[in-house]
Structures are given as structure tokens and as C-alpha cells.
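Beneath this line is the structure, given in C-alpha cells, with notes to follow.
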Amino acid sequence: MPDDQTQLYADTADVQSREEQKKAPLFAGHVKVYPKKVAGVVRRYKWAVLIGLLAIYYLAPWLRWDRGAGVPDQAILIDLPNRRAYFFFIEIWPQEVYYLTVILIVAALGLFLATSLFGRIWCGFTCPQTVWTDLFMWVERLIEGDRNARMRLDKARMTTGKAARKVSKHAVWLIIAFATGGAWVLYFQNAPTFVVDFFTGQAGVGSYFFVGLFTATTYLLAGWAREQVCTYMCPWPRFQAALLDEDSLVVTYQSWRGEPRGKHKRGTSWDDRGDCIDCKACVSVCPTGIDIRDGIQLECIGCGLCIDACNDIMDKVGRPRELITFDSERNQALAAEGKPKRMRIVRPRTIAYVVVLALLIGAMAIGLSSRSTLELTLAHDRSPLFVTLSDGDIRNGYEVRILNKTHEEGVYTLALDGIEGATMSIAGQAADDVVEATLTAQPDSIASYRVFVTVPAADLTSDRVLLNFILTDVSTGATVLGEEAFRGPEP
Amino acid sequence: MPTKVEKDALTGTETTGHEWDGIKELNNPLPRWWLYIFYATIIFSVIWMLLYPSVPWLNGYFGGLLGYQQREVIEDQIGNARQAQAQFLDAIAESDLTALSEDPDLFQFALTGGEAAYNNNCAPCHGLGGAGQANYPVLADDVWLWGGSMEDIHHTLDVGVRWEENQDTRFSLMPAYGTLGIFDRDQIRDVANYVLTLSGQAAPDPEAAERGAALYAEQCALCHMDDGSGDRLQGSPALNDQLWLYGGELEEIMAQISAPRHGVMPAWGGRLDPATLNMLTLYVHSLGGGE
Ligand code: SF4
Ligand code: SF4
């Protein structure tokens, strides 16, 4: 073989194809993957996505958002001690945690939609496991060199040089992992003050624990476990098959074009053979160490790096690019028969996902924009259910709670409706048996009142009558209604 | 005993030597990470056994080098909780009841503490939330035998009702008009009929009620007052309201005139500390009937 030809094969001489692996025993120990550096369009996209996502993750806790005095000014904050969550202009109380459910459902549906359109685009480009593993591999390459250098280094005897490289690699990994774990905790704390507290030893034990925990998991998952997370631990690869159909775009080796594969000598004819020169460049760059030419596989995370690798080879041997490409199963079948390809994006499945997504997002947008800043909850006394007074009137006790979600003190009037002659007394207020009472609630908090409602026995038609409580915000006129039973003796 | 240990051709690993329906198992080593964790747990357990109470002897146990005792930890925690409560309890024991109900923090603490004390000591007779039960007074209504102001409630709690161990106990006694032969059966019926009219109800036998009016004025009005409004100073119940401790039917009223029942409540002063008495007072007062 001429020199440049030898060059094509040299790097990958040891790579085993699936064919060869078939002869291997059922049990095989874990084989370390040494992905080779690759350049190309997909790789550039992956870098861009990686930088964008990491920037969001590390920097988002530092964004500020003015909410007025006495309220945290961190744009994104989950304030566990005070039971509040903030997201820019949105503020959520524990009672409204269902928004979180909707967000999770929306995220899941978005994932389903993206998967049915573009295959494992989530796995290949945006999954944290992929992003951090990519980052860690980049560090590894900087310190230990590319694929062959790393394999040589691992086989070599331990020397100071080797030790120095290994130690510095793990040190950099740990620093990144620490930054990652630290940034996670920042979403639960006021970032600027917390960082100072953290390094001066003032932060809570829990904070140190969680930073330690997430540092450890980042380091282990992105540094050591890597593709094993995708292959063995993650459930997603296992049920994504149910979301894919023959129109989904997946990383595909166009076997109708590539086969029969075989080594190719420069200058010889390309007739009666496929374009694949069996150089295994696609295998050597694969972060999960598989051979895409074996077809769609559980292990393939759809990162598309093999596309870049093969395009490079195709350029070198002068054949058209995209022997490995993003394509659908249906198109491959068409292409194999020599028919033109066609892309079907609008399909019953994708329409269904889009419709449900739109409905959910719409519902949530409406819910959030009309989110009430005032709520009323009522609890009827369990014991006594009712009290007969000396004049024969019936009295019930209620716990009335006003949720004031604004940042100003609220002044309200409480009135009753539904039972003729009903009057009330508020514990701690002087006036007895009134038809309208004035209540207040501190800013951003819950006010609780004991309210005794009295009804003349003659006005009570049954032992259980529904009673409406009407709470009106004096300054805005906003009204909320609450309904509770009024109990009495059997008539 | 394994019999046919053989080497697997592909891996070079030995089999376990057993065969189950033609299936052989390779004797692969345990994963190293698993083994290391296993060793680590063994080391951990040895250290633990040395430091903490672990091995039982015949007459006791090895207490560990740290001298750790769960009982002490609990006692510490209880002690700490007591200490944390002490500032509230001291203030509650010392301050007077009106001042107490004007300090929101103390008041809240007192209500919570009072509820706990109430549920432990009072609820068996007076019911949860002061709901009362047959023959035991409701504490959530607006009727009080001995007064419903905070001072009255506190005093009743302190000295009890007809609790003879306490010299100052609240005491009232109604003569047993039937048993002692003061009234005969017809007279009792007449008075009972009249008593019903005091609260605006129609007497089953109006003529009897008219006859009973004279007897009532002569015998009962001294304690229960002419209009039946009762007298809290003597602990005599009002008869002109809609609430009847021992039942409001004619028969029940007759039974009460003939051989009255008298409730007894222990004196809680001395049994409960002053702070708890104050807390109980505030709680009972807050149930809905406080005056
Ligand atoms: S598919 Fe492309 S990269 Fe893979 S072996 Fe064939 S020519 Fe090489
Ligand atoms: S086969 Fe290709 S797309 Fe799949 S994981 Fe490997 S490099 Fe990525």
C-alpha cells in the first residue's frame, strides 16, 4: 500500500467490527473506549450546543431580577426554607407545585416530538451526560493526547511523566466537577452571598454535602462511567424505540451505497464495489465504541461524529460525502431501490405531539398569566361539629386562611352567603355577630383566623347546608369564594 | 462438590463444575469495585463495633470507646426542648391572663400548649374542642355554671367542682326533692312542667305548670331565680335557656328534681403547674364561649 493509504488505516488497525466481535464469548469485561478526535460540521454544532448549554447552566444563577424590597432578587431561585420558587417574573408557592408537573410533562412531550422527528438528538447533543462527557474527553485529549497516544500511555509503565499527566487530568476533571456541583447548589441559594459563605466555611452542612455529592457524581459519571451510563443505566434508550418510526431521522450508514465494503487501493476502479473502504474511522471516533455499519443499535447515542469521520475519508478517496448520514429508514429503502427520497415531517404521530404540546403550553400560559395573588382556604372544626347556644342558635367554627401572594399588606372584607341570618364573630376582634368583617394579611404570607358563624335554628333547613365565604380585596376589588358546610342538629 | 471443572475455550475461564440441565456457569471473578466496597463495609463495621455499643456480654454489653448512649442523647434533646420552652413557660406562669392574650407570640404558644394539656386531661369528659358529652358540660357554648371570664375559668380549674380534697372548691348542692320527700310525685311533675315554660317552651300540661309556679317560687327561686336565670355565684344553672346538662325532656327534668345528679371535676391546681393552668384557661376561653 502507498504511504497515504497506510495512513488511512494505521490509526484504527486494532478496531474490532461487530462481525469480529460475534465470535467473542457472551461475557466480556468492559472495554475502555478511546474516541478519536474528529472535525466537521456535526462536531462544530456539538461544540456550539455544548458551550451554550454549559454557559446557561453555570451563569444562570447569577442573573438578577428586581422584585422589590424584602424579596430575593435572583432571577432563578428555589427558596426551600421560605417555600418559594422564582423564575424571572413568575413566583410559585408550594400549593402551585402542579406547574412543575406541567413543565415536566411539556418537557417529556417535547422530547417525544424531537425523538420522533430527529431520532436521538437529545442523547447526542443536549443530554447532560453527553455534554459533560464531551467536555471531560476534551480535557483528556488536551492532557493525554489523541486516541493512539492515550492507548500507548495506558499500556506504558508508570513513570513520572505518565503520573503527571494522569494526576493533572483528574485534577482538572475534579475542578470541573466541583464547579458543576457548586453551580447546582446556587439555584437554591442567593449566589453572590452563598459563594462567599461557602469558601469561608459559613454555609450549612447540607450545602457542603450536596456540593460534594454532585462533584462526586459528575466526576464519576463523566470521567469514569461515560458510555456505560447510556448503555446500562439510562432507561431512555430502551423505550425510545417506541417513539421512532420509519420516518425518524437517525444516524444511518447507507449500506446500499457502501457495500460490498473492502480495502481500496488508490487509482483502482470503484466499479462493482461499495464506497466503504473499511477504514473503521467511523468506529474509532465513536464515543460508545460501536460500529454504525451494523445498523441502528441501542448503544448509538446519535451524536453524528461518525458522519464527520466518514465525510473526511470520502473527501480523501474522492467519493461523495454522506456515506454515513442523518436519514430515515423509509428513505434508505427508497434509495436502495433507486427511487427519490422524501422527507415526511408532518405525520399523525408528530401532529398528535404538537397538538398536545400546544394545549399544555397554552393552558399553562393562561394559568400563569391569570395566576391569582389571593386565595382563601376554609377548614370546618372537627370537634365540635356544631354548638347549640343558650338561645337555641347554632354555631359552627371555621379556620379561615388567607393566602396573600402580593408583596403588600392586604386588607379584605369577609362576607357570608347561602344561609339567611348567618352572622359571624372573629376570634380576637371585638365586634360580635356581624355580617361583614375586615381582615388583614401580611405581605407574602398566610393569615389565619378563627371564625364562628351563628345561624338562628329557625333558618337552618337541614343538618348540612352549604355556606359561601366571600373574601374581597379592599384595594383591588378582587373577590375569591370559598364553600364549606354548615352543620347542625338533625331537624 | 464440583466435579467437572473445565476451562471455557473462548475465555479461558474455569466453570463452576456444576451443570444444570446442560447449562454450565463460568466462574468469573466478582467485579472489583464490588469487592472493594464489600471490604470497605467490613472495615467500617469493625470500627463501628469498637466505637459504639455493640457486643452483648452475659451481664451487660460492650459500651464502645466513645461511650455513646442513645438514652443520653434523648435526654439531652428533651432537656434542650424544655430549655427552649422555658422562656415562654416562665413568662406565661408569671403574667396575668389579660396581658397574656395581648402578646401574640405568648398567646399562640399558650393556645398550642393549652390544647395539648386539654387533650390530655380534659378531653375525656369535656370532649375534643370542648364539644362536651351527655352529662358533661359543653365548653364551646355560651353557658357557664361558674362563669366564663378568664378569671372564672382559671378559678374553676384551680379549685375544681365539688372536689372535697380542696377546701375552696366550687360547691353547690340541690336538695333531692323526691328522695327526701319534700315533694311528692305530682308536685315534682307540676314543678317540671313549670320549669319548661321558663325557657319559652309549651308545658305538656299547662294546668300542672300553673300549679308548679307556686312551688317553684317557694322552693327553687332562691337559687334558680324567679325568671330561671340561675346564679353563677352559687353555681346554680340557668333554667331559662335551651341547654340542659342532664336532658330537657319532662321525664329528665323530673328525674333531676327528684334525685339530682351533681358533676365533679378535680382541682387541677397543684396537679398542673401554674403555666399549664394559664394555658388551659386561655385555650378553654378560646373555644367559643369565653366571656
Ligand atoms: S463507513 Fe466510512 S469511516 Fe466507516 S469504515 Fe467505511 S469508509 Fe471508513
Ligand atoms: S455510531 Fe456514530 S452516531 Fe452513534 S454513537 Fe457512535 S459516533 Fe455517535
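Residue numbers (my numbering), protein chains in the order written: chain A, 1189 to 1679; chain E, 96 to 386.
For glycine and all other residues, C-beta sits at the position ideal for the given N, C-alpha and C.
Quantities reported herein were computed from a predicted structural model and do not represent experimental measurements.
By Cβ distance below 8 Å, which residues in the same chain neighbour residue i in space, the five residues on each side in sequence not counted?
{"i": "LEU160 of chain E", "result": "LEU145 and LEU146"}
{"i": "PRO199 of chain E", "result": "none"}
{"i": "MET1612 of chain A", "result": "LEU1602, LEU1604, ASP1621, VAL1622, VAL1623, ALA1625, VAL1639, PHE1640, VAL1641 and THR1642"}
So for residue i, helix, strand or coil by DSSP?
{"i": "LYS1453 of chain A", "result": "coil"}
{"i": "PRO369 of chain E", "result": "helix"}
{"i": "THR108 of chain E", "result": "coil"}
{"i": "MET1502 of chain A", "result": "helix"}
{"i": "ASP336 of chain E", "result": "coil"}
{"i": "TYR131 of chain E", "result": "helix"}
{"i": "HIS380 of chain E", "result": "helix"}
{"i": "HIS113 of chain E", "result": "strand"}
{"i": "ILE1484 of chain A", "result": "coil"}
{"i": "GLY162 of chain E", "result": "coil"}
{"i": "ARG265 of chain E", "result": "strand"}
{"i": "MET1189 of chain A", "result": "Any answer about MET1189 of chain A is weak, because its pLDDT of 42 lies below 50 and its placement is not dependable; what the coordinates show is given next. MET1189 of chain A falls in the coil class under three-state DSSP."}
{"i": "PRO151 of chain E", "result": "strand"}
{"i": "SER425 of chain E", "result": "An answer regarding residue 425 of chain E cannot be provided, because it is not within the stretch 96 to 386 covered by chain E."}
{"i": "VAL1599 of chain A", "result": "strand"}
{"i": "PHE1674 of chain A", "result": "strand"}
{"i": "THR1594 of chain A", "result": "coil"}
{"i": "LYS1220 of chain A", "result": "coil"}
{"i": "ASP1154 of chain A", "result": "The structure shown has nothing for residue 1154 of chain A, since chain A only spans 1189 to 1679."}
Does at least one heavy atom of ligand 2 sit under 6 Å from the Cβ of residue i?
{"i": "ILE1480 of chain A", "result": "yes"}
{"i": "CYS1491 of chain A", "result": "yes"}
{"i": "VAL400 of chain E", "result": "Given a span of 96 to 386 for chain E in the structure shown, any question on residue 400 of chain E remains unanswerable."}
{"i": "CYS1498 of chain A", "result": "no"}
{"i": "CYS1474 of chain A", "result": "yes"}
{"i": "CYS1464 of chain A", "result": "no"}
{"i": "VAL1542 of chain A", "result": "no"}
{"i": "CYS1494 of chain A", "result": "yes"}
{"i": "CYS1418 of chain A", "result": "no"}
{"i": "VAL1439 of chain A", "result": "yes"}
Is residue i close to ligand 1? I mean its beta-carbon at under 6 Å from any heavy atom of the ligand.
{"i": "ALA1523 of chain A", "result": "no"}
{"i": "LEU1299 of chain A", "result": "no"}
{"i": "LYS1224 of chain A", "result": "no"}
{"i": "CYS1488 of chain A", "result": "no"}
{"i": "CYS1311 of chain A", "result": "no"}
{"i": "CYS1422 of chain A", "result": "no"}
{"i": "CYS1315 of chain A", "result": "no"}
Is the CB-CB distance between residue i and residue j below 7 Å?
{"i": "PRO332 of chain E", "j": "GLY255 of chain E", "result": "no"}
{"i": "ALA1365 of chain A", "j": "THR1303 of chain A", "result": "no"}
{"i": "GLY1450 of chain A", "j": "ASP1466 of chain A", "result": "yes"}
{"i": "GLU1587 of chain A", "j": "GLN1630 of chain A", "result": "no"}
{"i": "ARG1481 of chain A", "j": "TYR1541 of chain A", "result": "no"}
{"i": "ILE1244 of chain A", "j": "TYR1375 of chain A", "result": "no"}
{"i": "GLN337 of chain E", "j": "GLY1580 of chain A", "result": "yes"}
{"i": "ARG1559 of chain A", "j": "THR1642 of chain A", "result": "no"}
{"i": "ALA1379 of chain A", "j": "ASP1385 of chain A", "result": "no"}
{"i": "VAL1417 of chain A", "j": "GLY1369 of chain A", "result": "no"}
{"i": "GLY1411 of chain A", "j": "TRP1361 of chain A", "result": "yes"}
Quick check on the DSSP output: the beta strand (DSSP E) that includes residue i runs from which residue to which?
{"i": "GLY1298 of chain A", "result": "No beta strand (DSSP E) holds GLY1298 of chain A; the alpha helix (DSSP H) holding it covers 1286 to 1306."}
{"i": "HIS1568 of chain A", "result": "1562 to 1568"}
{"i": "ALA1629 of chain A", "result": "1624 to 1629"}
{"i": "ILE352 of chain E", "result": "No beta strand (DSSP E) contains ILE352 of chain E, which is instead part of the alpha helix (DSSP H) from 345 to 353."}
{"i": "ILE1280 of chain A", "result": "1278 to 1280"}
{"i": "GLY1555 of chain A", "result": "Unbroken run through GLY1555 of chain A is the alpha helix (DSSP H), 1536 to 1557; no beta strand (DSSP E)."}
{"i": "GLU1517 of chain A", "result": "Careful: GLU1517 of chain A lies outside any beta strand (DSSP E), inside the alpha helix (DSSP H) at 1517 to 1524."}
{"i": "ALA235 of chain E", "result": "Where ALA235 of chain E is concerned, there is no enclosing beta strand (DSSP E), given that its DSSP letter is neither H nor E."}
{"i": "ASP103 of chain E", "result": "It is not in any beta strand (DSSP E) - ASP103 of chain E carries neither H nor E in the DSSP assignment."}
{"i": "GLU1434 of chain A", "result": "No beta strand (DSSP E) contains GLU1434 of chain A, which DSSP labels as neither H nor E."}
On the DSSP letters alone, give me the boundaries of the alpha helix (DSSP H) that residue i sits inside.
{"i": "THR1368 of chain A", "result": "1348 to 1374"}
{"i": "ASP1661 of chain A", "result": "Per DSSP, ASP1661 of chain A belongs to no alpha helix (DSSP H); it is in the beta strand (DSSP E), 1652 to 1661."}
{"i": "PHE1398 of chain A", "result": "1393 to 1406"}
{"i": "ARG306 of chain E", "result": "301 to 314"}
Please go through the same chain and pick out, in chain order, the residues whose beta-carbon is closer than 7 Å to the beta-carbon of residue i, but skip the five residues on each side of it.
{"i": "ALA226 of chain E", "result": "VAL233 and ALA235"}
{"i": "ALA1248 of chain A", "result": "ILE1264"}
{"i": "ARG1252 of chain A", "result": "ASP1261, GLN1262 and ALA1263"}
{"i": "ALA205 of chain E", "result": "ILE187, LEU195, ASN373, MET374 and LEU377"}
{"i": "GLN351 of chain E", "result": "TYR341"}
Grab me the residues of residue i's own chain with a C-beta within less than 6 Å of its C-beta, minus the 5 sequence neighbours each way, in chain order.
{"i": "PRO1425 of chain A", "result": "LEU1486"}
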